[in-house]
Amino acid sequence: MTERSMLIKQLISIVGDYKKGKIAPFDEAHVSKWLNQFPAESQLPLLSELNYVLNRTYLRKSDISNFFKDQLITPNILSGIFLKTSLLDIQGGGNSQRDCIEMFNADLQMATAKTATINSSNAEHYLYLDDVIFSGQRMRTDITNWLISSAPQNCSLYIVTHTMHRLSLWFSENFIKDKIAASGKKISIKFLFKELIEDRLYYTYSSDVLRPVANNWNGSILKYINGLTKPPTYRLPGSVGDKAFFSSDNGRQLLENEFLAAGAHIREICKHFSVNHRPLGYMKLESLGFGTMIVSYRNCPNNAPLALWAGDPWYPLFPRSNNAPVVVRWNV
C-alpha cells in the first residue's frame, strides 16, 4: 500500500460517519478526486496535515451524544428537573436542532424511561440544543423570535452546544441579554459547551482557525485581496493555536495557503457565490474567511474553507447540505 493510499484510508476512518446513510460512503476514489485538484507537490503533505487536524476537529455522532449525556442527562437523572424542562424546536433553517432533540430524547428515555417536552408554553427551564455554533446568527435569530412570540415571563434558558466559537459567544451573550431586557421578561441565560474555539481578531496569533501568514500572493489570491477595501489581518508565524489542532506551524501554513489559493480560485469558477463566501469560509465581515476546521457528522459548515465543501465545478470532499432558499442555492 502506498503512502497516499494509507493516508486516504486514515482520513476515511476519521470521517467515516459523515452523512452516513445520506450519501455514498467515502472511498479512495472520492478522496483522490478531491485531492487531485491541488498541486501535485502539495497533495501528500496536505493530506497528512488534514488527517492530523480532522482527528482533532471532526465531531462524530457519538461525540455529540456523549456530550449531552455527560453535561445534562447523567448529572440530573435523580433531580426531577426534566419534568420542568422543555426542549426548543425553533430553528429557522436546517435540521441540526431537530436531530439533536431526537438524539437527546432517545438518550434521556434510555436513562429515565421518559422524554422531555418540546416547545412547552409553561416550563421552568428551556434547552436550545445544537451540535456546533459558528457565527451564531441562526441561533440569535431563533432566540429573538422565541422571546417575542412564545417565551414565558419567567424561566431559565440554556443554549447547549458541543462546540462554540469565542467571538460568537461574546457577541451572542450580550445580544440576547439586551433582547431579554427589551422584552421586559425575567429570563436567565447560560451557555453550556465542551469546546470553545478561539477566533477573535485580537487573538489571531493563538487562534484555532485558519489565519494565514502574510505572503507574496499572486494570481487568484492577489486578485481577491486587491478587491478588499483594506488589507486582511495576517497571523504572525509560530503558533499552532491554543488547542494545538495543527501538527506544526509549517503544517498549519501549508493548509492555510493551499485552502486560500483553492478558495480564491473557487470563487472565480463558482459564479453564484455571494461576496460573503470568502475563500476560507462564509463570513459577513470583509476578510479572508471564517476559517473553522470543525466539521460534524451531520454537515460541513459554510464557515469552513470553500475547498472542503464547494461543488460543481469544484469537487467537494464533504458534500454539503445547503439551508438557503432554493432560488439562491449553489453547490448543494
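Per UniProt numbering: the sequence shown ends with 332, consecutive numbering throughout.
Even glycine gets a Cβ: it sits at the ideal position worked out from N, Cα and C.
Which word fits Glu49, buried or exposed, when buried means at least 16 other C-beta atoms lie within 10 angstroms of its C-beta?
-> buried
Selection from Lys271, Gly93, Phe104 and Arg140 that minimises the alpha carbon distance to Ile86 = Just to set this straight, residue 86 is Ser in the shown sequence, not Ile. If we check each option's Cα against that of Ser86, Phe104 comes out closest.
Could you tell me whether the segment 61 to 78 touches the segment 268 to 282, using the rule of 3 or more Cβ pairs below 8 Å?
-> no
Taking three-plus beta-carbon pairs below 8 Å as touching, is the segment 179 to 191 in contact with the segment 83 to 101?
-> No, the segment 179 to 191 is not in contact with the segment 83 to 101.
Looking only at C-alpha atoms, which of Asn303, Leu201, Ile159 and Thr204 sits nearest to Asp142?
-> Ile159
Is Cys300 near the ligand MG, in the sense that its beta carbon is under 7 Å from a heavy atom of that ligand?
-> Only the bare structure without any ligand can be found here, which leaves the ligand MG out of the picture.
Who pairs with Ile197 in a beta bridge, going by DSSP?
-> His165
Residues near Trp146 in its chain [Cβ-Cβ closer than 7 Å; skip 5 each side] = Leu88 and Ile90
Answer with buried or exposed for Asn331, where buried requires no fewer than 16 other C-beta atoms within 10 angstroms of its C-beta.
-> Because the pLDDT at Asn331 is just 32, under 50, the model does not fix this residue reliably, and the value given afterwards should be weighed accordingly. Classification for Asn331: buried.
Please classify Ile225: does DSSP put it in a helix, a strand, or coil?
-> Note: Ile225 maps to helix in three-state DSSP.
What does DSSP give as the partner residues of Thr85 in its beta bridges?
-> His125
Met20 - DSSP class collapsed to helix/strand/coil = A small correction: the amino acid at residue 20 is Lys; Met does not occupy that position in the sequence shown. Strand.
Can you tell me whether DSSP reads Tyr58 as helix, strand or coil?
-> Three-state result, Tyr58: strand.
With C-beta atoms as the reference, is Pro301 less than 8 Å away from Ala310?
-> no
How about the segment 33 to 43 and the segment 225 to 238: do they share at least three Cβ pairs that are nearer than 8 Å?
-> no
Rounded to whole angstroms, what's the CA-CA distance from Leu222 to Asp249? Just pull it up for me.
-> 23 Å
Classification of Ser168 by the beta-carbon crowding that lies within 10 angstroms, buried from 16 upward = buried
Would you check if there are 3 or more beta carbon pairs closer than 8 Å linking the segment 51 to 60 to the segment 263 to 282?
-> no
Evaluate contact between the segment 105 to 113 and the segment 121 to 136, counting only Cβ atoms and requiring at least three cross-stretch pairs below 8 Å.
-> no
Do the CB positions of Phe245 and Asp208 come within less than 8 Å of each other?
-> Yes. Within cutoff.
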